[in-house]
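S.K.:
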């Protein structure tokens, strides 16, 4: 939704959580106060002007990894990770 000034009235939630007052938990969502409009460019193949796609390559096997086999993880130390599920990031 945009107002007459051209700025978006609804922002993306940047944090969700709860504030506790004694025995009462109150859900809270934090939204950014300002949203900037930006021009976005695409990478194109110079010869035929077709969009380029990024591939994730396994550093060990040197082969492309399909999206359904990709997971997120937080590195604790060299090559030791904690896997993070998408639901945990929401």
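Numbering (the working numbering), first residue to last: 315 to 404.
Cβ coordinates follow ideal geometry from the N, Cα and C atoms, glycine included.
At which residue ranges does the region 320 to 385 contain complete beta strand (DSSP E) runs of 3 or more residues, listed in the order of the chain?
M.R.: Counting whole runs of 3 or more residues, the region 320 to 385 contains the beta strand (DSSP E) stretches 327 to 335, 338 to 345.
S.K.: Where do the N-terminal and C-terminal ends of the alpha helix (DSSP H) with residue 402 fall, by residue?
M.R.: The count along the chain shown starts at 1 and reaches residue 402 at position 88. From DSSP, the alpha helix (DSSP H) with residue 402 extends over 400 to 403.
S.K.: Per DSSP, which residues does residue 397 bridge with? Please list them.
M.R.: Counted from its first residue, the chain shown places residue 397 at position 83. 387, per the DSSP bridge assignment.
S.K.: Decide if the region 378 to 388 is in contact with the region 359 to 370; the criterion is three or more beta carbon pairs, one per stretch, under 8 angstroms apart.
M.R.: Yes, the region 378 to 388 is in contact with the region 359 to 370.
S.K.: Taking 9 angstroms as the cut-off, decide whether the C-beta atoms of residue 397 and residue 385 are in contact.
M.R.: Taking the chain shown and counting its residues from 1, the one referred to as residue 397 is at position 83. Taking the chain shown and counting its residues from 1, the one referred to as residue 385 is at position 71. Cβ atoms of residue 397 and residue 385: closer than 9 angstroms.
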